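Number of protein chains: 2
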Amino acid sequence: MKKAKTIDLASRRAPASANRALSNPAAIVEADLAAAEAKLTRLLDSNESLIAEICHYLVDGGGKRLRPIFILLVYRACGGSDEKIEDAIDAAIALELIHSATLLHDDIIDAGRLRRGKPSALARYGFAPTLIAGDYMFCRAFELCGRFEEHLVRTAAQACIELTEGEVMEGRLRHSASATIADYRQVITRKTASLFYAGGKVAADLAGMPSGGIDAMSRLGLTMGLAFQMIDDLLDVLGPEEKIGKPVGSDLREGIPSLPVVLAAARNPELKQMLQNRVEMSGAAFQRALEILRDPKLIAEARAMAAAEVMIARDILRELRPSPYRDSLAAIIDEQIDREV
Amino acid sequence: MKKAKTIDLASRRAPASANRALSNPAAIVEADLAAAEAKLTRLLDSNESLIAEICHYLVDGGGKRLRPIFILLVYRACGGSDEKIEDAIDAAIALELIHSATLLHDDIIDAGRLRRGKPSALARYGFAPTLIAGDYMFCRAFELCGRFEEHLVRTAAQACIELTEGEVMEGRLRHSASATIADYRQVITRKTASLFYAGGKVAADLAGMPSGGIDAMSRLGLTMGLAFQMIDDLLDVLGPEEKIGKPVGSDLREGIPSLPVVLAAARNPELKQMLQNRVEMSGAAFQRALEILRDPKLIAEARAMAAAEVMIARDILRELRPSPYRDSLAAIIDEQIDREV
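Sequence lines, in order, name chains A and B.
Here the first sequence is numbered in our numbering, starting from 7 and rising by one per residue.
Here the second sequence is numbered in our numbering, starting from 7 and rising by one per residue.
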């Protein structure tokens with residue numbers, strides 16, 4: 007974590023094909039991604055049209071497909087062949103399905119009314135159909151994983167288990183004035199990074215990497231997931247609503263121990279007091295708390311933490327042979343720091 | 007379905023060991039069941055103690071373990087060896103986990119406050135932790151299935167998918183005055199029988215049966231599941247609350263198209279009218295509707311439908327070689343008709 011403060015974008019060696027990769031790092035796996043997208047769409051077509059409608063409403067509603075892109079890039083960057091690309095595509099779809107299922111269930115848990123700038127599935131379809139549609143997507147992921155070897159299924163299942171445990175841990179720390187950064191890391195490791203970790207691991211394994219390489223790509227997923235969630239937490243505070251697709255300060259309102267909240271509670275006695283007194287986060291109190299969370303020093307500190315993860319990721323990437331896929335992975339990971347959505 | 011009206015219990019050929027089997031048909035797989043129970047308990051031990059607590063609260067709360075018993079008996083009745091019993095035990099646990107997960111999610115959907123005579127997990131732990139604990143049990147089942155071959159994982163996953171579709175179909179028919187018996191069968195085939203179908207199929211497959219035998223045991227599961235659900239629907243109307251562990255007439259109150267409701271709506275203009283007018287099912291209206299549903303002719307008709315399934319099951323059982331396991335299966339299936347819990 008020593009080099010945490012800066013990200014030297016210039017040091018990324020750019021190959022000839024890098025211009026396209028820099029403007030859209032996923033372009034290099036465009037064909038694989040299109041195949042994944044087509045199959046994902048087919049899998050959502052349930053015999054019950056309401057299930058299909060809810061799934062499509064969420065999945066077609068503008069997700070970034072970060073998990074499938076990550077898996078496909080890792081697979082290719084590890085030298086994965088065309089021969090087994092179907093497996094990598096299925097893994098990519100399975101993880102996107104699991105992620106989508108958790109979004110539906112999260113909206114129920116948080117009573118989230120807006121997602122990606124539109125009414126959430128919960129707001130539109132009510133909670134029973136939304137809950138069941140989430141279960142349906144879990145089952146589809148499970149079905150898809152059937153073709154994999156036991157250790158790969160276990161990896162995916164364990165990521166899901168950690169995910170549920172992360173949710174409960176986050177619930178346990180809600181409205182806490184004393185959650186530590188270590189607590190925070192544990193929550194987001196389980197809640198967000200576990201799927202990226204599993205994605206990196208499975209993709210490297212399918213590509214035929216030796217165990218050292220599989221381990222490296224697992225760690226790559228972990229750091230990528232951590233950086234992603236840290237920036238997500240920052241965006242929740244910074245907004246604006248039009249970009250993040252939900253009200254600014256949602257985490258704060260719901261008492262979620264997000265990165266800015268945990269940092270501020272440790273450094274700002276006023277916020278700590280507000281949390282300890284369980285001040286209702288609305289009106290003037292909410293505005294004041296948001297102001298504290300937007301303190302430029304605090305934002306810089308949070309960003310530096312995410313940047314530290316990105317630096318670790320870039321170090322790990324050096325263990326791979328140079329390739330346009332590796333460059334795209336580097337670009338995707340770097341992008342996390344500056345993303346606005 | 008011709009022999010629907012009577013069940014000739016005497017015609018079951020009883021071997022020497024049958025006395026014990028008749029008083030407790032599961033006794034013959036007691037050791038396997040105990041092994042399944044021990045492993046199931048271990049699997050519920052999450053890193054998050056709240057998840058473990060909710061799972062144990064449900065699973066230790068007096069379930070009948072009908073699915074594990076069914077799977078283990080089918081496995082043994084099909085000649086399954088001790089060598090692969092671990093696989094059969096894992097399949098039994100996986101199906102019980104899936105069933106338990108759906109109970110937690112069902113309680114959320116139906117706002118069920120009582121289950122098995124105790125406050126439901128929802129009533130005790132609130133809906134977010136209950137929802138997540140359900141997801142956790144799905145994931146544990148998924149993890150356990152990792153060791154199976156692709157086609158077995160698919161069978162389990164497809165049962166889960168059907169299960170979610172059955173839930174939504176049931177929701178679609180809520181408060182319907184015109185749901186047909188065909189609709190009803192489709193709902194319970196998906197919602198309840200799909201897991202028994204998968205259980206029979208997987209158990210026979212693991213036992214090394216040829217495809218005809220696997221097909222027979224799938225059908226056995228199907229009929230067993232249908233009979234079980236039909237009697238469950240009757241018990242909801244007949245009670246009493248102390249035995250069924252929840253308020254009498256819950257299905258009626260919630261507008262669920264249960265067997266008595268669907269039969270009565272087709273035969274009794276008064277009930278049909280009540281359903282059409284969406285009469286609030288409480289107080290005198292509820293009592294009157296319950297009285298209609300308890301009409302002895304209607305109850306006999308519903309029971310005959312369940313008995314028809316049992317007859318089909320007994321025919322299927324004849325395809326197996328005689329064995330004490332087969333006798334126990336027959337006893338378990340016969341028991342469905344007269345069970346009071």
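Backbone N, C-alpha and C fix where the C-beta goes; we use that ideal spot for every residue, glycine too.
It should be emphasised that the depicted structure is a prediction, and the values quoted were computed from it without experimental measurement.
Give, in chain order, every residue of the region 97-130 of chain A whose Cβ lies closer than 7 Å to some Cβ of chain B. 111, 114, 115: these are the residues of the region 97-130 of chain A whose beta carbon lies less than 7 Å from some beta carbon of chain B, given in chain order.
C-alpha gap between residue 27 (chain A) and residue 330 (chain A), whole angstroms: Here residue 27 (chain A) scores only 47 on pLDDT, less than 50, and its place in the model should not be relied on; the value that follows carries that caveat. Distance between residue 27 (chain A) and residue 330 (chain A), taken at the CA atoms: about 8 Å.
Are residue 272 (chain B) and residue 138 (chain B) closer than 9 Å when you measure CB to CB? For residue 272 (chain B) and residue 138 (chain B), no; Cβs fall outside 9 Å.
Rounded to the nearest angstrom, how far is the Cβ of residue 37 (chain B) from that of residue 212 (chain B), given a contact under 8 Å? About 17 Å separates the two Cβ atoms, so there is no contact after all.
Applying the criterion that 16 or more other CB atoms from any shown protein chain within 10 Å of the CB defines a buried residue, is residue 347 (chain A) buried or exposed? Residue 347 (chain A) comes out exposed.
Please report the residue range of the alpha helix (DSSP H) in which residue 176 (chain A) lies. It spans 156-178 - the alpha helix (DSSP H) in which residue 176 (chain A) sits, taken as one unbroken run.
Backbone secondary structure at residue 45 (chain B) - three-state DSSP: Secondary structure of residue 45 (chain B) (DSSP, three-state): helix.
Pull out every residue of the region 167-192 of chain A whose Cβ sits closer than 9 Å to any Cβ of chain B, in chain order. Contacts with chain B (Cβ-Cβ distance below 9 Å) from the region 167-192 of chain A involve 167, 168, 169, 170, 171, 172, 173, 174, 175, 177, 178, listed in chain order.
Please report whether the beta-carbon of residue 9 (chain A) lies at a distance below 9 Å from any beta-carbon of chain B. Because residue 9 (chain A) sits at a pLDDT of 38, beneath the cut-off of 50, its placement in the model cannot be relied upon, and the point is left open.
When you check each C-beta in the region 33-64 of chain A against every C-beta of chain B, which residues fall closer than 8 Å? Only 52, 53, 54, 56, 57 from the region 33-64 of chain A bring a Cβ to less than 8 Å from some Cβ of chain B.
Pick from B:326, B:136, B:105, B:103 that is closest to residue 119 (chain B), judged by C-alpha positions: Closest by C-alpha distance to residue 119 (chain B), out of B:326, B:136, B:105, B:103, is B:136.
Do residue 210 (chain A) and residue 343 (chain A) count as a contact pair if the criterion is CB distance below 9 Å? For residue 343 (chain A) and residue 210 (chain A), no; Cβs fall outside 9 Å.
To be precise: take each residue of the region 68-97 of chain B, compare its Cβ to all Cβ atoms of chain A, and keep it if any distance is under 8 Å. Which residues remain? So nothing in the stretch comes that close.
Reduced DSSP secondary structure (H/G/I, E/B, other) of residue 125 (chain A): Strand, per DSSP.
In or out: residue 263 (chain A) buried (at least 16 other Cβ within 10 Å) or exposed? Around the beta carbon of residue 263 (chain A), 16 or more other beta carbons lie within 10 angstroms, which makes this residue buried.
For residue 35 (chain B), which of B:91, B:54, B:216, B:48 has the nearest alpha-carbon? Ranking B:91, B:54, B:216, B:48 by CA distance to the CA of residue 35 (chain B) puts B:91 first.
For the region 71-84 of chain B against the region 224-239 of chain B, do three or more pairs of beta-carbon atoms, one drawn from each stretch, fall closer than 8 Å, so that the two count as touching? Touching, per the Cβ criterion.
Contact between the region 98-113 of chain A and the region 51-65 of chain A is defined here as three or more beta-carbon pairs at a separation below 8 Å; is this criterion met? Touching, yes.
Using three-state DSSP, classify residue 110 (chain A) as helix, strand or coil. If DSSP states are grouped into helix, strand and coil, residue 110 (chain A) belongs with the helices.
Find the residues of chain A that neighbour residue 137 (chain B), judging by a C-beta separation of less than 8 Å, and give them in chain order. Here the neighbours are 111, 114, 115, 137.
Compile a chain-ordered list of the residues in the region 260-280 of chain A whose CB is closer than 9 Å to at least one CB of chain B. Here the close residues number zero.
According to DSSP, is residue 50 (chain A) part of a helix, a strand, or is it coil? In this structure, residue 50 (chain A) counts as coil in the three-state DSSP scheme.
In chain order, what residues of the same chain have a beta carbon less than 6 Å from the beta carbon of residue 84 (chain B), not counting five sequence neighbours either side? Cβ neighbours of residue 84 (chain B) beyond the five flanking positions: 210, 213, 215.
Does any residue of chain A bring its CB to less than 9 Å from the CB of residue 159 (chain B)? At least one CB of chain A lies nearer than 9 Å to the CB of residue 159 (chain B).
Taking 9 Å as the threshold (beta carbon to beta carbon), is residue 16 (chain B) in contact with chain A? At residue 16 (chain B) the pLDDT is 37, less than 50, meaning the model places this residue with poor confidence; the figure from the coordinates comes in the next sentence. Taking a beta-carbon distance threshold of 9 Å, residue 16 (chain B) does not count as an interface residue toward chain A.
Measure from the C-beta of residue 203 (chain A) to each C-beta in chain B and report whether the shortest distance is under 9 Å. Proximity of residue 203 (chain A) to chain B, defined by a Cβ-Cβ separation below 9 Å, is not satisfied.
Verify whether the separation of the beta carbon atoms of residue 144 (chain B) and residue 166 (chain A) is less than 9 Å. Closer than 9 Å, so yes.
Entirely enclosed alpha helix (DSSP H) segments - the region 185-212 of chain B, minimum 4 residues: Fully contained in the region 185-212 of chain B are the following alpha helix (DSSP H) runs of length 4 or more, in chain order: 187-194, 200-212.
Chain B contact residues for residue 152 (chain A), given Cβ-Cβ distances below 7 Å: What residue 152 (chain A) touches in chain B: 156, 159, 160, 163.
Selection from A:267, A:285, A:326, A:307 that minimises the alpha carbon distance to residue 298 (chain A): When each option's Cα is compared against that of residue 298 (chain A), the closest is A:267.
Residue 103 (chain B) in three-state terms, based on DSSP: Reduced to three states, the DSSP call for residue 103 (chain B) is helix.
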